[in-house]
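In this note's numbering, each number is its position in the sequence shown, counted from 1, plus 33. Notes follow once the structure below has been shown.
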Amino acid sequence: MPGCRVVNSPLARASPRRVLGAKIQLKDIKLVSLVGSGGFGSVFKGTYKGQNVAVKKLHTYTKNPKAQKESFKAELRVLRLSHPNVVKTFAYGYNEYESGEVSDIGFLLMEYAGDRNLQHIIDCERELLDPLRRLKYALDIVSALDFAHGIGIVHLDIKPANIIINGDDTCKVGDFGCCQHLVEGTGQVSPTQRSYLTGTFAYRAPELLKGEAPTAKADVYSLGITLWQMLSRESPYYKQNQHVVIFGVVAYNLRPKLPTKDDCPFDLCYQDLFVQCWDADRAIRPSASEIKEVLEIWREFA
Numbered sequence: 034m035p036g037c038r039v040v041n042s043p044l045a046r047a048s049p050r051r052v053l054g055a056k057i058q059l060k061d062i063k064l065v066s067l068v069g070s071g072g073f074g075s076v077f078k079g080t081y082k083g084q085n086v087a088v089k090k091l092h093t094y095t096k097n098p099k100a101q102k103e104s105f106k107a108e109l110r111v112l113r114l115s116h117p118n119v120v121k122t123f124a125y126g127y128n129e130y131e132s133g134e135v136s137d138i139g140f141l142l143m144e145y146a147g148d149r150n151l152q153h154i155i156d157c158e159r160e161l162l163d164p165l166r167r168l169k170y171a172l173d174i175v176s177a178l179d180f181a182h183g184i185g186i187v188h189l190d191i192k193p194a195n196i197i198i199n200g201d202d203t204c205k206v207g208d209f210g211c212c213q214h215l216v217e218g219t220g221q222v223s224p225t226q227r228s229y230l231t232g233t234f235a236y237r238a239p240e241l242l243k244g245e246a247p248t249a250k251a252d253v254y255s256l257g258i259t260l261w262q263m264l265s266r267e268s269p270y271y272k273q274n275q276h277v278v279i280f281g282v283v284a285y286n287l288r289p290k291l292p293t294k295d296d297c298p299f300d301l302c303y304q305d306l307f308v309q310c311w312d313a314d315r316a317i318r319p320s321a322s323e324i325k326e327v328l329e330i331w332r333e334f335a
């Protein structure tokens, strides 16, 4: 049966001390409903020891088992991340068989932040995305990135579908399955980790599409595309051929079409910000810390 290792987390601290470091079985978690499914696994809403949780179960069979394994290892890198704008992972487990053999695949026990993500908000015409709400969301997301980058982690798959919106209308960045550690002193991902880079092509920085080493500025580029989506409420490069888009982004500085400018001072500044974020030269892109500082100033005058 699947075993689970519990880490020092809010969920663990809320339970008896003897639970810390113990093994649990997947059968001890009650799965309530399917939240979503991807190439490597499915996420369920569930309950564990009377608390609502999310459970990410990896698929037993997948087209790319090596990439699935690396994605699971990436999720384990953020086990101890604790930030208001990051989906917390409380515990993990591997499938253990009667023979005693332990599988490379398993499950993650996470904070249940809700079943809506930013992509749902963007796609729903009834949801208002006015300047104040966009400012709040942008500040939530960049706060998570500033925190992650500050401890040497780059997410590498920032997009609306990976940003959960909880009941308080707060953004929480989730799905760290592509994340990597930045090598101290270089600010780049090591060559060993680079061989497993994945992510979503429409949000990937041009240097990544060219095979260069990722840095924290790759997340800033993805943030820029996400900020554009909140304003345009469109999908980047909708119905365009993937290979044509990749070539255009790398060779011709192709970017999503800018919305028609209006007279709203905030939207003018907001557009200038995401254009800086998706600049082809990562040296020109602001850092997450710099973006956060700017947004906090905007909030004071909102």
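For each residue, glycine too, the CB sits at the ideal point set by N, CA and C. Everything numeric in this text was worked out from a predicted model, so none of it was measured.
For residue i, three-class secondary structure by DSSP
i, result
"Gly54", "Note that Gly54 has pLDDT 29, beneath the 50 cutoff, so the model's placement of it is unreliable and the number below is only indicative. Residue state, collapsed to three classes: coil."
"Tyr125", "strand"
"Leu291", "coil"
"Gly220", "coil"
"Glu323", "helix"
"Gly36", "With a pLDDT of 46 at Gly36, under the threshold of 50, the modelled position of that residue is not reliable, and no figure is offered here."
"Arg318", "coil"
"Val278", "helix"
"Glu333", "helix"
"Val120", "coil"
"Cys302", "helix"
"Leu328", "helix"
"Lys205", "strand"
Supposed contact pair residue j and residue i - C-beta distance, whole angstroms, cut 8 Å
i, j, result
"Tyr254", "Cys310", "6 Å"
"Ala251", "Ala238", "4 Å"
"Val187", "Ala235", "Incorrect: roughly 18 Å between the Cβ atoms, too far for contact."
"Leu260", "Phe307", "4 Å"
"Leu185", "Leu162", "The question names Leu, but residue 185 is Gly in the sequence shown. No, Gly185 and Leu162 are not in contact; Cβ-Cβ is about 32 Å, not under 8 Å."
"Gln146", "Asn199", "Contrary to the premise, residue 146 reads as Ala rather than Gln in this sequence. That pair is a contact at about 5 Å."
"Val111", "Cys212", "6 Å"
Contact check, residue i vs residue j, beta carbons under 8 Å
i, j, result
"Glu240", "Arg315", "yes"
"Gly232", "Leu287", "no"
"Leu151", "Lys325", "no"
"Ala177", "Asn274", "no"
"Phe140", "Val88", "yes"
"Leu91", "Gly74", "yes"
In DSSP terms, what residue i is bridged to
i, result
"Gln213", "Val187"
"Glu144", "Val86"
"Lys63", "Thr80"
"Arg149", "Ile198"
Which whole runs of the beta strand (DSSP E) in the stretch 151-201 are 3 residues long or more, in chain order? Taken in chain order, the complete beta strand (DSSP E) segments of 3 or more residues contained in the stretch 151-201 are 196-198.
Ranges of the alpha helix (DSSP H) found wholly within the stretch 71-115, counting only runs of at least 4: Entirely contained in the stretch 71-115, the alpha helix (DSSP H) runs reaching 4 residues are, in chain order, 98-109.
At 3 residues or longer, what runs of the beta strand (DSSP E) sit wholly inside the stretch 245-274? List check, beta strand (DSSP E) in window: nothing returned.
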